[in-house]
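For the sequence shown, the tail end lands on 487 under this note's numbering, and the numbers increase by one without skipping.
Note that the Cβ used here is the ideal one computed from N, Cα and C, for glycine as well.
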Amino acid sequence: MIQEEIAFMGVSELQKHIRNKNLSPVEITTVFLERIQTLNPILNAFLTITAEYALDQAKICENSIMKNDPVGPLHGIPISIKDLEETKSIRTTFGSKAFENYIPEYDSIVVERVKKAGGIILGKTNTPEFGFKGTTENLLGDACKNPWNTSRTSGGSSGGAAASVASGMSTLATGSDGGGSIRIPSSFCGTFGIKPTLGRVPKISTGSLEQPPAHNILTQSGPITRSVEDAAILLNVLSGSDTRDLASPTLPKENFLEACGGNVKGLRIGWTPDFGYTPVDDEVLKITKESALSLESLGCSVEESDLKLVNPTEHFLRIFACLIVGSRNASKNLDLSQLTDYAQEGFKTASRFSGADYGIALGYTNLMKLQFEEQFQKFDLLISPTMSVTAFEIGHNPTTINHMDVDPIWGYTPFTFPINMIGYPAASIPCGFSSDGLPIGLHIIGRNADERTIIKLSSAIEKLKPWPAAQTIN
């Protein structure tokens, strides 16, 4: 069995080979570590590679198989962890030079659950400083590159996660999404990524009573994978309540794998090309609209939505600013001079917003949520482009789209951050390629707490129009 074939297998296929003893966890892990050694110097997807730790864990998994012990749903499966997740005894930088040598004494809940499920952690993936933007550059090394074209960005802030999966350096990846950070790189790198409902995947609040953090009402961890089934498997592992996160008990534990392959006939789909306020690249719009209309062949009804948002960027930034200030408050002695220019500017800008600004932003969010609820009276799902553009040259964020000026930080991702504001689930699924060979993502938005319908439709789209699993770096 050739290495490339192993590198692009899904979870179920790898586990079948492990159970049948055709492949051992050590053999599988070795394949991925060798690919990382070859490809990471090109893509910069990993900030930390845990080769020795991964092989030790693979040996433990192998012994369990040989003894026919009960095993977890990720037993022996290689996975990368975004470097915003704390990992006990493994370097966690948060993409920041200020934390270059930080070794946590505990695991995040996401990492706890990956370990308990038997996942083999290959390393920590690249992220912009503190996840503050939608492309992956920091002071720890070179920018993370897109496997489809290494002159282009991988997106962010889970850029390393998406690049690791798209290039076959890991089977699965954990990401997190506070403004699009799972969906942006999934669209740019041609992977499947789902941002779950806020609270679906619990998180530990770092800080203390003396230095409390801001309550994070935007960010949610979730999977980045090469298939919908793999995402459902990982979401099953990550989701479920935890008493350390008071938001998580509001959502019941579900089996998302059961939604794969479900009947989508009769689903009511609302297609929105622009959310009523934003320009979109012509080619992106054409391909995503064609993909949306193709759902009629599956028995879905597809109608154009009349959703019309008032540009929410300013209100999103007010909420995001609160989280920025709160993250600094919870970090003792954070020296701004050690940070990237964009992180320094982020902290300075955030400090200028007031409590009244935050309150107004929450008021706007409630009104926007009512707009989405009105849409979900008519539709089971909303669909839009994930991004307004394809992956752009590293360091050259678009300032105009279709001859219209856009904000260089958030203007290329106008469809993602509004969904963080309302807390609903959404996924990006590959739906085609631009004329210059870059992936394009379709954005699927569900009702509050309805990841199952997103996964069901995504699974049907994957069967209707499979996307390339393997990517040769160019």
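Taking each of Lys469, Cys444, Ser170 in turn and checking the Cα distance to Ala58, the smallest one comes out for Ser170. Cβ contact annotation for Asp155 (same chain, cutoff 7 angstroms, sequence separation greater than five): Asn57, in chain order.
For His456, the enclosing beta strand (DSSP E) covers residues 452-459.
Exclusion of the five residues before and after Ile246 leaves Val24, Pro86, Leu270 as the residues of its chain whose Cβ lies within less than 7 angstroms of its Cβ. Gly283 is positioned such that its CB atom lies no closer than 8 angstroms to that of Pro236. Between Ile337 and Leu394, the C-beta spacing is not below 8 angstroms. Where Ala186 is concerned, the enclosing beta strand (DSSP E) starts and stops at 185-190. By the CB criterion at 8 angstroms, Ile453 and Ser200 fall inside the cutoff. Within the same chain, Cβ atoms closer than 8 angstroms to the Cβ of Val123 are found at Ile94, Glu98, Thr187, Val214, Lys216, Ser234, Leu251, the five residues on either side in sequence being excluded.
Of all C-beta pairs linking the segment 363-383 to the segment 429-442, three or more are shorter than 8 angstroms, placing the two stretches in contact. For a cut-off of 8 angstroms, the C-beta gap from Val277 to Leu470 is around 5 angstroms, short enough to register as a contact.
Within the same chain, Thr42, Ala67, Gln70, Ala71, Pro91 come within 6 angstroms of Ile133 by CB-CB distance, once the 5 residues on both sides are set aside. Closest option to Gly131, judged by alpha-carbon separation, among Ile396, Phe366, Asp82: Asp82. Counting only the Cα atoms, Gly144 lies some 23 angstroms from Asn324.
Residue range 38-56 is occupied by the alpha helix (DSSP H) that includes Val39, with no beta strand (DSSP E) assigned at that position. Secondary structure of Cys444 (DSSP, three-state): strand. In the structure shown, the three-state DSSP call for Glu99 is coil. Within the same chain, Cβ atoms closer than 6 angstroms to the Cβ of Gly253 are found at Lys266, the five residues on either side in sequence being excluded. Segment contact: the segment 353-368 against the segment 406-417, fewer than three CB-CB distances shorter than 8 angstroms; contact not assigned. Within the DSSP bridge table, the entry for Arg165 names Glu406 as partners. Exposure of Gly279 is indicated by the presence of fewer than 16 other C-beta atoms within 10 angstroms of its C-beta. By the CB criterion at 8 angstroms, Phe428 and Pro398 fall inside the cutoff.
Secondary structure at Met182: coil, using DSSP grouped into helix, strand and coil. Secondary structure note for Lys216: it is in no alpha helix (DSSP H), with a DSSP letter that is neither H nor E. The C-beta separation of Trp423 from Thr326 comes to about 5 angstroms, placing the pair in contact by the 8 angstroms criterion.
Assignment of Gly275 by DSSP, reduced to helix, strand and coil, places it in the coil class.
It is roughly 8 angstroms from the alpha-carbon of Ser177 to the alpha-carbon of Thr138. Taken atom to atom, the span from the alpha-carbon of Ser307 to that of Leu477 is near 9 angstroms.
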